[in-house]
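Reviewing the structure listed below.
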Amino acid sequence: MFLTGLIKLLIGLAGLTSTFILLFLSAFKRTRSGKLRLAGIVFFSTVGLILIITVIEFQVYPKNPKADQLIMSAYREAPIGGIWLAIYTDQTWEIGNSSREITANGTYEIKSDTLILTAAQGTSIIGEIDQTSFIIQSESLIEINNSGILSLEIILNNMKETAPLDTAESL
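Residue numbers (this note's numbering): 510 to 680.
So, in structure tokens, the structure goes:
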């Protein structure tokens, strides 16, 4: 998604620059219609190309189908791609760069104030790590064993409302 965003930005800048240059040139020429027509073609081609790239992007990275089951979401920004963690009501989790770019998934367990993530068979959380734990604080998840995630800021937390009674009391 970062790459497609960058491509759309570059296409937009090139298209708008070309359009303005053609409009500027048409202001000082006697034969304006040719330059105006070309400026219109460049502008609408730019818009069309950006729309086509956006449609392709949504095909490659579709909307998360489990979004309605989300009970906790945490995120950490990074210079190149962030880390996004989602916890769902069906005792599963997903991690990736965003809700549409999932790189790993698995099951979780909550013991007292600790969230334990276990990767699905054949996958890993980060690198070759297949299990990690976080301490749940009011606004963040702090990783206990260092897999490279370190900490995540909690964006959404509906755990107390949907968690089983004994788990909700421990949070």
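We put the beta carbon where it would ideally sit given N, CA and C, even for glycine.
{"Item": "Span of the beta strand (DSSP E) around residue 664", "Value": "660–666"}
{"Item": "Through-space distance from residue 511 to residue 531, alpha-carbon basis", "Value": "30 Å"}
{"Item": "Pair within 9 Å by beta-carbon distance, residue 668 and residue 604", "Value": "no"}
{"Item": "Whole-angstrom distance between residue 561 and residue 614, CA atom to CA atom", "Value": "30 Å"}
{"Item": "Contacting residues, own chain, Cβ-Cβ under 7 Å from residue 538 (five flanking each side not counted)", "Value": "544"}
{"Item": "Contact under 9 Å by Cβ, residue 651 with residue 641", "Value": "no"}
{"Item": "Cβ-Cβ distance between residue 643 and residue 623 below 9 Å", "Value": "yes"}
{"Item": "Close Cβ partners of residue 521 (< 7 Å) along its chain, the five nearest in sequence each way excluded", "Value": "555 and 559"}
{"Item": "N-terminal and C-terminal residue of the beta strand (DSSP E) that residue 582 is part of", "Value": "579–585"}
{"Item": "Buried or exposed by the 16-neighbour rule on C-beta atoms within 10 Å, applied to residue 657", "Value": "exposed"}
{"Item": "Reduced DSSP category for residue 517 - H, G, I as helix; E, B as strand; rest coil", "Value": "helix"}
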